[in-house]
Amino acid sequence: MPKPKQPKSKTKTTDRALIGLDALARRPGTKIHRPVLIVCEGKKTEQIYLNALRQYYRLSTIDLHIHGEGAGPLEVVERALELMAERRKIVRKERDLRPYAEIWCVFDREAANEPVGYREALQLAAQHNIALAVSNPAFEYWYLLHFVETSRAFQNADEVKAELCKPNCLPGYQKQKNVFNLIHERTDTAHDRAERLYERHPDRERDPHPNPSTLIYRLVAGIIAMARF
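Below is the structure:
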């Protein structure tokens, strides 16, 4: 079967990227998965990990978008809505494409200091059925759970990183380093710990993202489930 031709009309860079994902998914021998959008804060940690996870499972229909450095939770959710609208416009022109089946936003809660627009982001996401993978205080808590199970509250992200750098975890950890291959075999353990600690957290009823907690486990589980479909 010949490869699908790229449209000749001038298309925005974002549009070309979205079209390319589904075009790749339609190649012979490639599984067809539901298109999923993930929008992250402008931080390297989440991007590196999720890119590695996507590549490991060869999921071309996951569109990972990193919003600008310094973007807050509200800006991340708003960007997700913009990309969702752009996708719908493309779908109307490209009959072989489909709208996003799932949309995820990934950002940090940052302990007691709520980021600007945090509450508004939660409300806006709920209104548009956008799933949130929030970590409190930081994404590195997900990494930490691959090695230890701890429910103690952290003052900030630096405390989590200090714990992560201990000899029994990831000594010498650097934020922009790809550690996927070092932790991947422990993913099931981290998932079970994250789920158990979240469900048992005494503050969960009044705060959907208590300290410490991470809902990254839900996103990771969804990605793995897609790969096994």
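Residue numbering for the sequence shown follows the working numbering, beginning at 237 and increasing consecutively. Glycine included, every Cβ here is placed at the ideal spot set by N, Cα and C. A quick note: this is a predicted structure, and the numbers were derived from the prediction, not measured.
Determine the contact status of residue i and residue j, defining contact as a CB-CB distance below 8 Å.
i, j, result
"F416", "Y285", "yes"
"A430", "W378", "yes"
"R454", "A369", "yes"
"N447", "P373", "yes"
"L360", "V396", "no"
"L433", "H364", "no"
With DSSP as the reference, identify every bridge partner of residue i, one or two as the case may be.
i, result
"V272", "I298, E338"
"T450", "S371"
"D344", "S371"
How many angstroms separate the CA atom of residue i from the CA atom of residue j?
i, j, result
"T386", "D439", "15 Å"
"N392", "I366", "26 Å"
"L400", "V327", "43 Å"
"Q412", "K402", "18 Å"
"Y409", "A321", "38 Å"
"R436", "R331", "46 Å"
"Y292", "I298", "12 Å"
"M462", "P407", "32 Å"
"D389", "I460", "Residue identity check: residue 389 is Ala in the sequence provided, not Asp. Their Cα atoms are separated by approximately 29 Å."
Among the residues of its own chain, which have a CB less than 6 Å from the CB of residue i, if the five just before and after it don't count?
i, result
"R466", "Here the chain has residues from 237 to 465 only, and residue 466 is not among them."
"A426", "L381, H382"
"R315", "V275, H303"
"H420", "none"
"R422", "H382"
"E338", "V272"
"R270", "A337"
Any heavy atom of the ligand NAD closer than 7 Å to the Cβ of residue i?
i, result
"D424", "Absence of the ligand NAD is noted for the structure shown, with no ligands found whatsoever."
Consult DSSP for residue i and reduce its assignment to one of helix, strand or coil.
i, result
"F416", "helix"
"V384", "coil"
"N287", "helix"
"I460", "helix"
"P403", "coil"
"E441", "coil"
"L260", "In this predicted model, L260 has a pLDDT of only 35, less than 50, meaning its place in the structure is not dependable; the value taken from the coordinates is given anyway. If DSSP states are grouped into helix, strand and coil, L260 belongs with the helices."
"I326", "helix"
"Q363", "helix"
"D394", "helix"
"E277", "coil"
"Y293", "coil"
Using a Cβ-Cβ cutoff of less than 8 Å, which residues in the same chain neighbour residue i once the five nearest sequence positions on both sides are dropped?
i, result
"F375", "K279, T281, E282, Y285, V342, D344, T450, I452"
"N404", "F383, V384"
"G353", "G308, P309, L310, E311"
Can you find the residues in the same chain that come closer than 7 Å, C-beta to C-beta, to residue i, ignoring five residues on each side of it along the sequence?
i, result
"A348", "none"
"I414", "Checking the sequence shown, residue 414 turns out to be Asn, not Ile. Only I284, A288 meet the Cβ criterion."
"D428", "none"
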